[in-house]
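Student: To start, I am sharing the structure in question, which I have written as structure tokens.
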Amino acid sequence: MKIHSGVGYDLIIAEILPGTKVLDLGCGDGTLLQKLRDTKSVTPYGVEISEDGVCQCVEKGLYCYQGDIDVGLADYRDNSFDYVILNQTLQITKRPAYVLSEMMRISKNAIVSFPNFGYFKTRLQLLVTGTMPKNVLLPYEWYETPNIHLLTIRDFQAFCEMNRFPVKREYHFSVSSRGESCRIRTLPNMLAQYGFFVLDGEKFTNNHSHSDAYASFSSRME
Amino acid sequence: MDTTGTSKKNSVGIVDTRYFTFERLDFRSGKTLSPVTLAYETYGSLNNNKSNAILIAHALSGSAHAAGYYSEQDTHPGWWDLYIGPGKPFDTDKYFILCSNVIGGCSGSTGPSSINPETGRPFGLDFPMVTIMDIVNAQWHLIRHLGIEKILSIAGGSMGGMQALKWAIAYPEMVNSVIAIATSASLSAQGIALNEVGRQAIMNDPNWNDGNYYGSKGPDAGLSLARMIGHITYLSEKHMHEKFGRRFKEEDLATASFKQAFMVESYLHYQGVKFVDRFDANSYLYITKAIDYFDLKKDYGSLHNAFVQVLANFLVISFTSDWLYPSAQLKEIVQALRANGKNVMYTDIETDMGHDTFLLDYEPLKRNISNFLKREFERISRT
Numbered sequence: 001m002k003i004h005s006g007v008g009y010d011l012i013i014a015e016i017l018p019g020t021k022v023l024d025l026g027c028g029d030g031t032l033l034q035k036l037r038d039t040k041s042v043t044p045y046g047v048e049i050s051e052d053g054v055c056q057c058v059e060k061g062l063y064c065y066q067g068d069i070d071v072g073l074a075d076y077r078d079n080s081f082d083y084v085i086l087n088q089t090l091q092i093t094k095r096p097a098y099v100l101s102e103m104m105r106i107s108k109n110a111i112v113s114f115p116n117f118g119y120f121k122t123r124l125q126l127l128v129t130g131t132m133p134k135n136v137l138l139p140y141e142w143y144e145t146p147n148i149h150l151l152t153i154r155d156f157q158a159f160c161e162m163n164r165f166p167v168k169r170e171y172h173f174s175v176s177s178r179g180e181s182c183r184i185r186t187l188p189n190m191l192a193q194y195g196f197f198v199l200d201g202e203k204f205t206n207n208h209s210h211s212d213a214y215a216s217f218s219s220r221m222e
Numbered sequence: 001m002d003t004t005g006t007s008k009k010n011s012v013g014i015v016d017t018r019y020f021t022f023e024r025l026d027f028r029s030g031k032t033l034s035p036v037t038l039a040y041e042t043y044g045s046l047n048n049n050k051s052n053a054i055l056i057a058h059a060l061s062g063s064a065h066a067a068g069y070y071s072e073q074d075t076h077p078g079w080w081d082l083y084i085g086p087g088k089p090f091d092t093d094k095y096f097i098l099c100s101n102v103i104g105g106c107s108g109s110t111g112p113s114s115i116n117p118e119t120g121r122p123f124g125l126d127f128p129m130v131t132i133m134d135i136v137n138a139q140w141h142l143i144r145h146l147g148i149e150k151i152l153s154i155a156g157g158s159m160g161g162m163q164a165l166k167w168a169i170a171y172p173e174m175v176n177s178v179i180a181i182a183t184s185a186s187l188s189a190q191g192i193a194l195n196e197v198g199r200q201a202i203m204n205d206p207n208w209n210d211g212n213y214y215g216s217k218g219p220d221a222g223l224s225l226a227r228m229i230g231h232i233t234y235l236s237e238k239h240m241h242e243k244f245g246r247r248f249k250e251e252d253l254a255t256a257s258f259k260q261a262f263m264v265e266s267y268l269h270y271q272g273v274k275f276v277d278r279f280d281a282n283s284y285l286y287i288t289k290a291i292d293y294f295d296l297k298k299d300y301g302s303l304h305n306a307f308v309q310v311l312a313n314f315l316v317i318s319f320t321s322d323w324l325y326p327s328a329q330l331k332e333i334v335q336a337l338r339a340n341g342k343n344v345m346y347t348d349i350e351t352d353m354g355h356d357t358f359l360l361d362y363e364p365l366k367r368n369i370s371n372f373l374k375r376e377f378e379r380i381s382r383t
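Order-wise, the sequence lines are chains A and B.
Take the first sequence: its letter number 194 is residue 194 in the working numbering, and every next letter is one higher.
Take the second sequence: its letter number 272 is residue 272 in the working numbering, and every next letter is one higher.
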């Protein structure tokens, strides 16, 4: 089965201003960070859970920390970065609300992209075949998927509203046969393969009333 | 350059230990030593702008002899020969590698077995208490003597990692990068306890005689026992099981005694006896105390404060099966560095071999060190 590699890299690279400080959560082998360093002269940092991924980052000269983003970004100071990226990883996190609020605390911008479970082919697969969808977006069998929090674009919009996460920009897309990201403006929750959001860390305030909502939500999640 | 022969494959070849004597060292305890000698070895050559120097800091039982052989007949290479040499992670074709015996040691540097100029007899317990800071300060004299202003990297495992961290904190402008392996910002209570049992083994040996044993039979039994305890802590339960299992040396109960029945016993005895030939019991006491006293949190108020002034980039490595310096202690260092906005690479290497992994032939460790140094050297060569 064909799997999109480097999903959304072009959009992320276009989004990021040159010379900025960038943290990629779940940076894998560091390909995206390396591209950002080469094309945008960013100062790149990564967090990656696998030993092998970190090793490849070290080889590329990227400062990468082997760790679990769910366990914490707590030691990073407020506004340490211009951009924090969570690319195709949100659905794997155990505590999405916590991870997103931490991203906005430590960075001016939080870039979040994920496979849209509302994509019509995914919906049809479940409806027609009665089996768990498996396609280019969701390449795993149900018994081996790391995805524990699958979501649609509409789910994420509601989630941001509920948690008062300020959305700066939405740019939902599908990947063309040539591997380019094409923006889907019409009925994105139905027609876009991927959701793409930029959250505003500068407008985000992790105040008490908000953290109550977050707490009740996160406790429900666990 | 000390390299004079290359008969052994991928080796720095035949090396010799050199000695550097400087006028005085002021210890943190308030005491002063004068003069002070450090034993050191170098491998590879210093480049014209002196930008390729790497300081290797040894652990408790190490010495300046980190790589190579002393003669053509010598079959025991230096303690980190697997990592230092042409084409190895500490590549002597590219870098100038330097390793010195710690102050308080017994392999050529001034220590408790050296002659006290005031009395004409060995120092024994008159030797000043040694701290990691004192060890680093002594190395500083050597580095300056060699005309090196900025060190490409300071690398070490265990107590060597403590020295590397201390260097970056005490002399931030001199340290470009640090490789800290299986180390800690402060040894755990469990670690201190095990060190103390080792020290008690030495001090309870009647031959120890309050440290005045030079010229007569030393506390060999005590030192050997201390080393045996140490060796237990360097291996993981799993590694020990794989290496020895419950295999017998003497299985027959009819002839069995309290002499070594199991292979693991025989191994420990061998390690203990071997150690006595090359190590001084008083040095063991002094150096384990230096490890125990090392505490960046206490010295600077918090680990976060300790790293505020640091300018170096870091490669921090822990081993999943190391229970003497567990991963959590290295993560703590990494988190404090990150909180200070420092550049740090961290990896928790999966291994069953315990604390001693850093001394073994282990590819993931080699690869990370090699790549990190390559990138750091490229980076400083650009600027």
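Glycine is no exception: its CB is placed at the ideal position from the N, C-alpha and C atoms.
Quantities reported herein were computed from a predicted structural model and do not represent experimental measurements.
Which residues of chain A have a Cβ atom closer than 7 Å to the Cβ of Gln335 of chain B, listed in chain order?
Tutor: What Gln335 of chain B touches in chain A: Asp75.
Student: Around the Cβ of Ala189 of chain B, are there at least 16 other Cβ atoms within 10 angstroms (buried) or fewer (exposed)?
Tutor: Result: exposed.
Student: Relative to the ligand PLP, is the shortest distance from any of its heavy atoms to the C-beta of Ser381 of chain B smaller than 7 Å?
Tutor: Questions concerning the ligand PLP fall outside what the structure shown contains, since it holds no ligand whatsoever.
Student: Is Lys40 of chain A closer than 8 Å to Pro18 of chain A when the C-beta atoms are compared?
Tutor: yes
Student: Mind checking who Asp210 of chain B pairs with in its DSSP beta bridge?
Tutor: Its beta-bridge partners do not exist; DSSP assigns none.
Student: Less than 8 Å separating the beta-carbons of Pro364 of chain B and Cys55 of chain A?
Tutor: yes
Student: Could you tell me if Ile115 of chain B is buried or exposed, where buried requires 16 or more neighbouring beta carbons within 10 angstroms of its beta carbon?
Tutor: exposed
Student: Could you say which of A:Ser5, A:Tyr63, A:Ile49 and A:Glu51 lies nearest to Leu33 of chain A if we only look at CA atoms?
Tutor: A:Tyr63
Student: Identify, in the order they occur along the chain, each residue of the same chain with its Cβ nearer than 8 Å to the Cβ of Asn47 of chain B, setting aside the five sequence neighbours on each side.
Tutor: Phe96
Student: Mind checking Gly179 of chain A: buried by the 16 CB within 10 Å criterion, or exposed?
Tutor: A residue is called buried when at least 16 other Cβ atoms come within 10 angstroms of its Cβ; Gly179 of chain A does not meet this threshold and is exposed.
Student: What does the Cβ neighbour count give for Pro128 of chain B, buried or exposed, with the cut at 16 atoms within 10 Å?
Tutor: Around the CB of Pro128 of chain B, 16 or more other CB atoms lie within 10 Å, so the residue is classed as buried.
Student: Can you say whether Ala59 of chain B is buried or exposed, counting buried as having 16 or more other CB atoms within 10 angstroms of its CB?
Tutor: buried
Student: Less than 8 Å between CB atoms is the rule here; does Asn194 of chain A satisfy it with respect to chain B?
Tutor: The residue you asked about is not Asn; residue 194 of chain A is Tyr in the sequence shown. By this cut-off, Tyr194 of chain A is not an interface position.
Student: So what does DSSP say about Ile317 of chain B, is it helix, strand or coil?
Tutor: strand
Student: Along the beta strand (DSSP E) that carries Met345 of chain B, what are the first and last residues, could you check?
Tutor: Counting along the chain, Met345 of chain B sits inside the beta strand (DSSP E) bounded by residues Val344 to Ile349.
Student: Run through chain B and tell me which residues come within less than 9 Å of Glu141 of chain A, C-beta to C-beta.
Tutor: Those do not exist, as Glu141 of chain A stays about 26 Å from chain B at its closest Cβ, beyond 9 Å.
Student: So, helix, strand or coil for Gln309 of chain B, using DSSP?
Tutor: coil
Student: Using a beta-carbon distance cut-off of less than 9 Å, what residues from the region 74-106 of chain A approach chain B?
Tutor: Ala74, Asp75, Tyr76, Arg77 and Ser80
Student: Would you say Pro364 of chain B faces chain A, with C-beta separation under 8 Å as the test?
Tutor: Taking Cβ atoms only, chain A reaches closer than 8 Å to Pro364 of chain B, which makes this a yes.
Student: Could you tell me which of B:Ser327, B:Arg338, B:Gly111 and B:Lys331 sits nearest to Leu311 of chain B, measuring between CA atoms?
Tutor: B:Arg338
Student: Taking buried to mean at least 16 other C-beta atoms within 10 Å of its own C-beta, is Lys238 of chain B buried or exposed?
Tutor: exposed
Student: For Tyr346 of chain B, which residues in chain A fall below 7 Å Cβ to Cβ?
Tutor: Within 7 Å of the CB of Tyr346 of chain B, the CB atoms of chain A belong to Tyr65 and Gln66, in sequence order along the chain.
Student: Check whether the region 347-363 of chain B and the region 238-252 of chain B touch, using three or more Cβ-Cβ pairs below 8 Å as the test.
Tutor: yes
Student: Does any CB atom of chain A fall closer than 8 Å to the CB of Phe372 of chain B?
Tutor: yes
Student: Tell me the residue span of the beta strand (DSSP E) that contains Lys168 of chain A.
Tutor: Val167 to Glu170
Student: Along chain B, in chain order, which residues have C-beta atoms closer than 9 Å to that of Cys27 of chain A?
Tutor: Within chain B, no residue comes near Cys27 of chain A; the closest Cβ sits about 12 Å away, beyond 9 Å.
Student: Can you grab the Cα-Cα spacing for the pair Gln193 of chain A / Ser302 of chain B, in whole Å?
Tutor: 48 Å
Student: Could you say which of B:Ser216, B:Ile54, B:Met133 and B:Tyr43 lies nearest to Pro122 of chain B if we only look at CA atoms?
Tutor: B:Ser216
Student: Starting from the C-beta of Tyr300 of chain B, find all residues in its chain whose C-beta is less than 6 Å away, skip the five residues before and the five after it, and write them out in chain order.
Tutor: Ala306
Student: Buried or exposed: Ser29 of chain B, going by 16 or more other Cβ atoms within 10 Å of its Cβ?
Tutor: exposed
Student: In whole angstroms, give me the CA-to-CA distance for Phe314 of chain B and Arg367 of chain B.
Tutor: Approximately 15 Å, taken between the alpha carbons.
Student: Using the beta-carbon of each residue, which ones in chain A are nearer than 7 Å to Ile349 of chain B?
Tutor: Within 7 Å Cβ-Cβ: Glu51.
Student: Could you pull out every unbroken alpha helix (DSSP H) segment of at least 4 residues lying fully inside the region 113-197 of chain A, listed in chain order?
Tutor: 120-124, 153-163 and 188-191
Student: Can Ile179 of chain B and Ile369 of chain B be called in contact, C-beta distance under 8 Å?
Tutor: yes
Student: How about the region 57-71 of chain B and the region 93-108 of chain B: do they share at least three Cβ pairs that are nearer than 8 Å?
Tutor: yes
Student: Using a Cβ-Cβ distance under 8 Å, would Val22 of chain A count as near chain B?
Tutor: no
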